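Peer 1:
Protein chains in written order, with our numbering: chain A, 41 to 156; chain B, 18 to 129.
(1) When you compare each of B/55, B/30, B/40 and B/44 to residue 147 of chain A by their alpha carbons, which one comes out closest?
(2) Kindly list, in the order they appear in chain B, the residues whose Cβ is closer than 8 Å to that of residue 101 of chain A.
(3) Going by DSSP in three states, residue 103 of chain A sits in which element: helix, strand or coil?
(4) Along chain A, in chain order, which residues have C-beta atoms closer than 7 Å to that of residue 115 of chain B?
(5) Please identify the residue among A/46, A/83 and A/55 whose C-alpha is closest to the C-alpha of residue 118 of chain B.
(6) Show which residues of chain A have a CB atom less than 9 Å away from the CB atom of residue 119 of chain B.
(7) With three or more beta-carbon pairs closer than 8 Å as the criterion, would you say the stretch 98 to 113 of chain B touches the stretch 45 to 54 of chain B?
(8) Do residue 107 of chain A and residue 85 of chain A have their beta-carbon atoms positioned less than 8 Å apart in this structure?
(9) Measure the alpha-carbon distance for residue 81 of chain B versus residue 138 of chain A and round it to whole angstroms.
(10) Residues of the stretch 59 to 91 of chain B in Cβ contact with chain A at a cutoff of 9 Å, in chain order, please.
(11) On the DSSP bridge assignment, give the partners of residue 47 of chain A in chain order.
(12) Using a Cβ-Cβ distance under 8 Å, would residue 112 of chain B count as near chain A?
(13) Identify every residue that forms a DSSP beta bridge with residue 117 of chain A.
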């Protein structure tokens with residue numbers, strides 16, 4: 041149990057376009073989902089925390105108008121990178137909290153975004 | 018300020034040896050300490066976790082040792098195998114909190 045999926049796994053886009061990444065909890069309801077960004081050989085940086093049905097809470101330094109997060113249901117959260125630029129190229133990972141396991145977070149497989 | 022410090026940055030171990038990764042934390046309010054394993058191009062996977070009511074937790078070849086007074090915890094991988102080659106992250110959080118504070122990661126290579 042506690043499986044989290046992400047789609048797409050890899051995306052290449054042109055500068056100026058918007059990209060949507062989906063994060064789904066497949067076998068549990070996730071009241072809270074998290075979005076992280078990871079640069080090569082570096083740790084995970086929390087971008088935002090999203091709770092179902094409410095606005096996401098962004099970490100300091102993360103542009104909320106650039107990284108739009110929607111947590112419309114207990115099994116789906118989306119991250120939209122608007123007007124992407126090459127510096128947005130990164131590995132984006134979501135995680136979800138399963139209320140049955142209280143504080144444990146289960147991570148998705150990640151999405152590799154490359155902006156040309 | 019780095020809430021969780023992890024060392025070493027990289028580690029090379031012979032097959033069958035013991036891999037040891039250490040983490041230290043600052044905030045005494047932290048009471049949940051998970052370890053994650055990450056393979057290249059994949060998301061982190063929960064390996065093992067501990068809460069401060071015990072000093073050690075073992076699951077198969079993986080053991081967490083926890084020292085509350087020193088604010089340190091470590092991951093021991095016994096009988097290390099080439100398939101264990103991955104990046105390992107420690108983390109700390111409040112059990113009732115949202116945010117995980119991750120260490121900087123340790124790249125483990127187990128050579129045959």
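Think of the CB as a built atom: it goes at the ideal place given N, C-alpha and C, for glycine as much as any other residue. Just so it is clear, the structure is predicted and the values come from calculations on it, not from any experiment.
Peer 2: Working from what's here:
(1) Restricting attention to B/55, B/30, B/40 and B/44, the CA atom closest to the CA of residue 147 of chain A is found in B/55.
(2) Within chain B, no C-beta atom comes less than 8 Å from the C-beta of residue 101 of chain A; the nearest is roughly 15 Å away.
(3) Under the three-state reduction of DSSP output, residue 103 of chain A falls in the coil class, being neither helix nor strand.
(4) Here the neighbours are 72 and 89.
(5) If we check each option's Cα against that of residue 118 of chain B, A/83 comes out closest.
(6) Within chain A, the C-beta atoms nearer than 9 Å to that of residue 119 of chain B come from 76, 83, 84, 85 and 86, in chain order.
(7) The stretch 98 to 113 of chain B, when compared against the stretch 45 to 54 of chain B, does touch it at the 8 Å Cβ threshold.
(8) The answer is no: Cβ separation not under 8 Å.
(9) Going by the C-alpha atoms only, they are around 23 Å apart.
(10) Taking 9 Å as the Cβ-Cβ cut-off against chain A, the residues of the stretch 59 to 91 of chain B that qualify are 59, 60, 61, 62, 63 and 66.
(11) DSSP output for residue 47 of chain A lists A/62 as bridge partner(s).
(12) Answer yes: the Cβ-Cβ gap between residue 112 of chain B and chain A drops below 8 Å somewhere.
(13) According to DSSP, which records beta bridges pairwise, residue 117 of chain A is partnered with A/63.
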